[in-house]
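Worksheet: one structure, shown below.
Encoded structure:
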């Protein structure tokens, strides 16, 4: 199984107002379990997900926000570090299984959005072990899921979609470039390109979108090393 998700919270420090959304995924066999705030959960074929550009955007994004997509944690077996911010305002029901992933935070007072880690954790409303015996949802439930999704997130799927995709991608690229930069600081300058390339390959193993990989490649690999590596991102 592969676990991933996107958590996005907007906060106004003065009036304590907030906006929260999450898209959680569990990929198993050729199926994918999806849980979206304000919409509910569903099991689709993975092929159907890839044909839905809005859901696919969030899925692709989710893969590059966590270190290990095969790791999930049960709340009762974890320490306080992981569960201190389990918040009933985020999840209305009791949830036991979660992943530790990077997430998006926006300060509405400054209109600054960034990626952070270590405070919010992404909780699933299902025991992942139960998925082993589950099948794709029936046609009625799938239709209802898409209907609610279109109502709840219509503004994001319409005129906002392109801008939303660009904003998320830019933040993700900045975040991953900074991660690579931190690793590079640990080694000599002469080894930077080799280390960068290895880090990029590790990110790519997470299932990174090809276009995003190419952008990162062109940012962190020098022209001299591109010739040496003989990598053509457009082949």
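Residue numbers (our numbering): 39 to 273.
Glycine residues also receive a C-beta, built at the ideal position from the N, C-alpha and C atoms.
These figures come from a predicted structure and were not determined experimentally.
In the DSSP assignment, the alpha helix (DSSP H) including residue i goes from what residue to what residue?
i: residue 86; result: 84 to 89
i: residue 184; result: 177 to 190
Going by other Cβ atoms of all chains shown within 10 Å of its Cβ, with 16 needed for buried, is residue i buried or exposed?
i: residue 43; result: buried
i: residue 172; result: exposed
i: residue 107; result: buried
i: residue 41; result: buried
i: residue 150; result: exposed
i: residue 56; result: exposed
i: residue 71; result: buried
i: residue 100; result: buried
i: residue 73; result: buried
i: residue 178; result: exposed
i: residue 68; result: exposed
i: residue 98; result: buried
i: residue 193; result: exposed
i: residue 52; result: exposed
In this structure, how does DSSP classify residue i when only helix, strand and coil are distinguished?
i: residue 171; result: helix
i: residue 77; result: coil
i: residue 57; result: strand
i: residue 128; result: coil
i: residue 52; result: coil
i: residue 44; result: strand
i: residue 152; result: strand
i: residue 71; result: strand
i: residue 160; result: strand
i: residue 65; result: strand
i: residue 105; result: coil
i: residue 39; result: coil
i: residue 111; result: strand
i: residue 198; result: coil
i: residue 208; result: helix
i: residue 214; result: helix
Grab the span of the beta strand (DSSP E) containing residue i for me, first residue to last.
i: residue 146; result: Note, residue 146: premise wrong, no beta strand (DSSP E); not H, not E.
i: residue 137; result: 135 to 137
Using only CA atoms, which one of the options lies nearest to residue i?
i: residue 153; options: 81, 80, 195 and 206; result: 206
i: residue 189; options: 75, 174, 69 and 46; result: 75
i: residue 284; options: 111, 163, 146 and 105; result: The structure shown does not extend to residue 284, since the chain is modelled only from 39 to 273, so the question has no answer here.
i: residue 217; options: 114, 62 and 102; result: 102
i: residue 185; options: 39, 50 and 78; result: 78
i: residue 113; options: 94, 50, 104 and 135; result: 135
i: residue 147; options: 39, 86 and 49; result: 49
i: residue 111; options: 203, 180 and 166; result: 166
i: residue 83; options: 191, 66 and 91; result: 66
i: residue 104; options: 91, 62 and 168; result: 62
i: residue 45; options: 204, 187, 181 and 137; result: 137
Legend entry - the region 134 to 142 contacting the region 158 to 178, beta-carbon criterion three pairs below 8 Å: Segments in contact, yes.
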